[in-house]
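Numbering (the numbering used here), first residue to last: 460 to 737.
The beta carbon of each residue, even a glycine, is placed where N, CA and C say it ideally should be.
The structure displayed is predicted, hence computed values, not measured ones.
Taking it in order: structure first as C-alpha cells, then the write-up.
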C-alpha cells in the first residue's frame, strides 16, 4: 500500500505523514519546552516535604564525596607526569553522576530549577519556597560531606596512600585566594546550570553530558560549594586550615560565586530568551 502523503507532498513538494512523524521524533525540543521541563522540576522540588529534601540532600553529600575519592584513586595509581591531572580529573565526574542519575538533591542544581518558577511568578510565597529549598538542601549537602570527611579521616576504610591522595587533591584549594574562589565559583555554577538545562534534550546522552560538564569543572580548576566542602573539611582535619579559614576563604566566596553563575547569569538569561514565548 502506498504511503499517504501530506497536502504539500501531493504537489510533489512535501513529505509523507509518516516522515512528518519521524521529523517530530528526531527534532530537538524547542527552548520553551526545555524551560517548562526545568521549571516544573523546580516546582516539584519546592513542594517536597522538608524531611524528603533533607535526606535526599544528605545522600547527595555522601555520593558527591566519591568525586574526590575517585580523583585520589587515579592520582595514586597514575605515574607522576604532566598529563596526570587531566586523567585524574575524570574521577571528579563520578560523584556527580551518582547524584544526578539517582535524582538526589544537589544545591547547585537548584540555583536554576528553583529560580525559574520564581521568575515566572514572583511573590513572597515562591521566594519563601525557594529559600526553604536552598536552606534545607545546602545544609544537608554540607552535613553529608562532613560525615564523609570524618569517616575517611577517622576510620580504617582507606589505605594511608589513598587518604594522602585525597589530601593532595584537596590542597589544590590552598592555591586560590578569596577573589579566585569567587570567580571560579561563578564558572562552576554556570556549568552546573548549563548541565541541568541540557539534560532534558540529552536523552540517552545524559551520561556524557554530566561527565563532560563536571569534568570541565575539575580540569578548569573551578570551585563547587558541595564537592569542594569535602576538600575543605579534610584540610581542616589535616591542619592545613583553621575552621574560620574554611568558611571565610572557601565557603562564603564559593557559595556566592555558584549562586551568581547559576542564578544571576544562567537562570536569568534562560528565562529572558523564552519570556515572550511562554
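Secondary structure note for residue 572: its alpha helix (DSSP H) is the uninterrupted segment 566-572. Relative to residue 544, the option among 553, 533, 646 whose CA is nearest is 533. Rounded to whole angstroms, the gap between the alpha carbons of residue 702 and residue 711 is 12 angstroms. Of all alpha-carbon atoms in 597, 615, 539, 530, the one lying nearest the alpha-carbon of residue 514 is that of 597. When DSSP states are grouped into helix, strand and coil, residue 673 belongs to the helix group.
Annotated three-state conformation of residue 682 is coil, per DSSP. Three or more Cβ pairs drawn from the stretch 649-657 and the stretch 725-733 lie within less than 8 angstroms of each other, which places the two stretches in contact. With a cut-off of 8 angstroms on Cβ pairs, the stretch 493-505 is in contact with the stretch 571-578, counting three or more such pairs. Distance from the CA atom of residue 601 to the CA atom of residue 611, rounded to whole angstroms, is 15 angstroms. With a 10 Å radius around the Cβ and a threshold of 16 neighbouring Cβ atoms, residue 708 comes out buried.
Proximity to residue 639 across 531, 680, 538 peaks at 680, based on C-alpha coordinates.
Taken through DSSP and simplified to helix, strand or coil, residue 614 comes out as coil. Here the alpha carbons of residue 516 and residue 599 stand approximately 5 angstroms from one another.
Residue 683 is a Cβ neighbour of residue 647, given a cutoff of 7 angstroms.
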